[in-house]
Amino acid sequence: CGSKVQVTGPKGSVILTVVDTCPECAAGDVDMDPESFALIADPIDGRVKVTWTPL
Numbered sequence: 067c068g069s070k071v072q073v074t075g076p077k078g079s080v081i082l083t084v085v086d087t088c089p090e091c092a093a094g095d096v097d098m099d100p101e102s103f104a105l106i107a108d109p110i111d112g113r114v115k116v117t118w119t120p121l
């Protein structure tokens with residue numbers, strides 16, 4: 067926790083701080099808050115393909 071990642075989706079990129087783990091998520095998944103998600107994808111799409119890079 068506390069590390070930074072850059073997440074890139076269809077609409078752009080955002081830098082986020084990791085705050086916890088998501089045990090129910092698949093390996094490599096990123097669970098984001100709605101405001102950050104809206105910066106990289108259309109919220110109506112729900113789950114989208116993203117790439118993420120540790121910073």
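Residues are numbered in the numbering used here as their position in the sequence shown, beginning at 1, plus a constant of 66. We treat Cβ as the ideally placed atom computed from N, Cα and C, and that holds for glycine.
Give me whichever residues DSSP pairs with residue i in a beta bridge.
{"i": "I81", "result": "Q72"}
Would you mind stating whether residue i and residue j have Cβ atoms separated by less than 9 Å?
{"i": "V84", "j": "S102", "result": "no"}
{"i": "V78", "j": "I106", "result": "Strictly speaking, residue 78 in this sequence is Gly, with Val absent from that position. For G78 and I106, yes; Cβs fall inside 9 Å."}
{"i": "V116", "j": "T74", "result": "yes"}
Taking C-alpha atoms, which residue in the options lies nearest to residue i?
{"i": "K70", "options": "P109, A104, M98 and I110", "result": "M98"}
{"i": "P76", "options": "C88, V114 and C67", "result": "V114"}
{"i": "W118", "options": "G68, D95, A104 and C88", "result": "D95"}
Roughly how many whole angstroms lie between the Cα atoms of residue i and residue j?
{"i": "L121", "j": "Q72", "result": "7 Å"}
{"i": "I110", "j": "C91", "result": "20 Å"}
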